[in-house]
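Chemist: First residue of the sequence shown: 19, per the working numbering; consecutive thereafter. The structure under discussion is supplied below as structure tokens; questions concerning it will follow.
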Amino acid sequence: MSSIHRRLLVLLKSCSTTPSVRNTKPLHALTITLGPKPNQPIFLYNNVVSLYASFGEILSARKLFDTMPDRNVVSFNTIISAYSRCGYAEEAWSMFLDMRNCGFRPTPITVSGLLSCDLLNICEGIQLQALAVKNGLLFADAFVGTALSGFYSRHGCLSESVCAFEDMPRKSIVTFNSMISIFGQHGFAEYSMVLFRELVRMEVPLSRYSFVGVLSGVLSERDLEIGEQIHGLVIKNGFDYNVLVVNSLINMYVKCSGIRPAVKMFEEVPARDVVSFNTIIGALVKSEKLERVVELFLRMSMDGVLPNHTTFAHVINSCAGLQNLMCGKSIHAQIIKNALECDVVVGSALVDFYAKCDNRED
Numbered sequence: 019m020s021s022i023h024r025r026l027l028v029l030l031k032s033c034s035t036t037p038s039v040r041n042t043k044p045l046h047a048l049t050i051t052l053g054p055k056p057n058q059p060i061f062l063y064n065n066v067v068s069l070y071a072s073f074g075e076i077l078s079a080r081k082l083f084d085t086m087p088d089r090n091v092v093s094f095n096t097i098i099s100a101y102s103r104c105g106y107a108e109e110a111w112s113m114f115l116d117m118r119n120c121g122f123r124p125t126p127i128t129v130s131g132l133l134s135c136d137l138l139n140i141c142e143g144i145q146l147q148a149l150a151v152k153n154g155l156l157f158a159d160a161f162v163g164t165a166l167s168g169f170y171s172r173h174g175c176l177s178e179s180v181c182a183f184e185d186m187p188r189k190s191i192v193t194f195n196s197m198i199s200i201f202g203q204h205g206f207a208e209y210s211m212v213l214f215r216e217l218v219r220m221e222v223p224l225s226r227y228s229f230v231g232v233l234s235g236v237l238s239e240r241d242l243e244i245g246e247q248i249h250g251l252v253i254k255n256g257f258d259y260n261v262l263v264v265n266s267l268i269n270m271y272v273k274c275s276g277i278r279p280a281v282k283m284f285e286e287v288p289a290r291d292v293v294s295f296n297t298i299i300g301a302l303v304k305s306e307k308l309e310r311v312v313e314l315f316l317r318m319s320m321d322g323v324l325p326n327h328t329t330f331a332h333v334i335n336s337c338a339g340l341q342n343l344m345c346g347k348s349i350h351a352q353i354i355k356n357a358l359e360c361d362v363v364v365g366s367a368l369v370d371f372y373a374k375c376d377n378r379e380d
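As structure tokens, this is what we get:
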């Protein structure tokens, strides 16, 4: 590898930490000017394709992929993963078939990337599982088994998802977190907690996703004791400063024990974002504590948290319930300022607000 290629690779790697079209296109141009394409290493092209893909420039990534003089398995994996992440299942599958036709054997990254595509159909997933078993990929890498378990869960096949998890000889923290979350999403808080406790017994360092996953299954008053136990572990492990975990705890208290414990939790935590505010504001709307909603909305701006379409819809609904035309019009002005007037949910809330305030001309 020449010195110029080494320098370019360093630039590409540094660019990957904060990917942007503005940074990537000059590097792409520099790659082109290095001389005849056959003389340029494949890994340079792979890195540029990966950069384009990382910020959703799929057309640019594919265009560069198509112009590459040579491709290797990394080239195919990069473009397949890019299509999968963006939900282009048909294109990802077509590229996978091209890869095999070119004589490249699929790797764990190939299979896990495809299985992670939300729109991949069940028949294609079953084919991938058979291929993974045949090529020894299912037991060679925890990512393949984790992706397979998640794939079956998305298709509502919980028993197949559990089987994929149990058949894995090696399970990572990501594998456990994924299965804990799957049980939670399907409403099996007890099973989710069993796996969570197993993870604790293994003395593996827990991650924020361990707590978010197990809390996702704590949905009703009968699960409150489990939720409180998890809350204690959150504090013990120092995750009460993690906003993702905090939001899951607030949501858990809203669902399990009503508005008061949720508000108490909200007020006590050191880290809050727009999701934290939206969760508690939504709960206040359902509890018909509408004046408190407006107060929290004003507090958001003081805390430097920017509202989104969900926030505005909740606040407009509160103004409608209070029949506070002046406040609602003020919020409407902010909605226009934030270019959210065309949002379906916000628009519906505005129509309802003006109807209830008997101001239909607006």
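For each residue, glycine too, the CB sits at the ideal point set by N, CA and C. As the structure is a prediction and not an experimental result, all values here were calculated from the model.
Would you call Arg80 buried or exposed, if buried means 16 or more other Cβ atoms sit within 10 Å of its Cβ?
Modeler: On the sequence shown, residue 80 is found 62 positions in, with the first residue counted as 1. Arg80 comes out buried.
Chemist: Is it buried or exposed, Leu77, if we count other Cβ atoms within 10 angstroms and call 16 or more buried?
Modeler: Counting from one through the sequence shown, the residue named residue 77 turns up at place 59. By the 10 Å Cβ count, Leu77 comes out exposed.
Chemist: Helix, strand or coil: which one does DSSP assign to Pro187?
Modeler: Sequence index remark: in the sequence shown, residue 187 carries index 169 (1-based). Looking at Pro187 - three-state DSSP - the assignment turns out to be coil, as it is neither helix nor strand.
Chemist: Determine the DSSP secondary structure at Tyr259, reduced to helix, strand or coil.
Modeler: Within the sequence shown, numbered from 1, the residue matching residue 259 stands at position 241. It is coil, neither helix nor strand.
Chemist: If you run the structure through DSSP and keep just helix, strand and coil, what is Ser225?
Modeler: Indexing the sequence shown from 1 puts residue 225 at position 207. Note: Ser225 maps to coil in three-state DSSP.
Chemist: Taking Cβ positions, are Ile349 and Cys337 nearer each other than 8 Å?
Modeler: To locate residue 349, count along the sequence shown from 1; it is residue 331. To locate residue 337, count along the sequence shown from 1; it is residue 319. Contact: yes.
Chemist: Whole angstroms is fine: what's the gap from Glu109's alpha carbon to Met186's?
Modeler: Here residue 109 refers to the residue found at position 91 when the sequence shown is read from its first residue. Here residue 186 refers to the residue found at position 168 when the sequence shown is read from its first residue. Cα-Cα distance, rounded: 29 Å.
Chemist: State the start and end residues of the unbroken alpha helix (DSSP H) segment that holds His204.
Modeler: Position 186 of the sequence shown, counted from the first residue, corresponds to residue 204. Counting along the chain, His204 falls outside any alpha helix (DSSP H), and DSSP gives it neither H nor E.
Chemist: Looking only at C-alpha atoms, which of Asn153, Gly346, Ile200, Val91 sits nearest to Gly174?
Modeler: Locating residue 174 in the sequence shown gives position 156, where the first residue counts as 1. Checked all of Asn153, Gly346, Ile200, Val91; the closest Cα to Gly174 is Ile200.
Chemist: Could you round the C-beta distance between Leu166 and Ala182 to whole angstroms and report it? I think they count as a contact, below 8 Å.
Modeler: Within the sequence shown, residue 166 is the residue found at index 148, counting from 1. Within the sequence shown, residue 182 is the residue found at index 164, counting from 1. The Cβ separation is near 4 Å, so the contact holds.
Chemist: Please name the residue in Val180, Lys374, Thr164, Glu178 whose C-alpha comes closest to that of Ser130.
Modeler: Here residue 130 is taken as the residue at index 112 of the sequence shown, counted from 1. When each option's Cα is compared against that of Ser130, the closest is Thr164.
Chemist: So, with DSSP's three-state summary, where would you put Gly276?
Modeler: What you label residue 276 is simply residue 258 of the sequence shown in a count that begins at 1. Here Gly276 sits in coil by DSSP.
Chemist: Measure the C-alpha to C-alpha separation of Leu48 and Leu132 and round it to an integer number of angstroms.
Modeler: Indexing the sequence shown from 1 puts residue 48 at position 30. Indexing the sequence shown from 1 puts residue 132 at position 114. In this prediction, Leu48 has a pLDDT of 45, which is less than 50 and means its spatial position is unreliable; what the coordinates show is noted afterwards. The straight-line gap from Cα to Cα measures roughly 32 Å.
Chemist: Specify, as a first and last residue, the run of the alpha helix (DSSP H) that Met86 falls within.
Modeler: Locating residue 86 in the sequence shown gives position 68, counting from the first residue. Taken as a continuous stretch (DSSP letters only), Met86 belongs to no alpha helix (DSSP H), as it is neither H nor E.
Chemist: Classify Tyr259 as buried or exposed, calling it buried when 16 or more other Cβ atoms lie within 10 Å of its own Cβ.
Modeler: Taking the sequence shown and counting its residues from 1, one reaches residue 259 at position 241. Exposed, since its Cβ has fewer than 16 Cβ neighbours within 10 Å.
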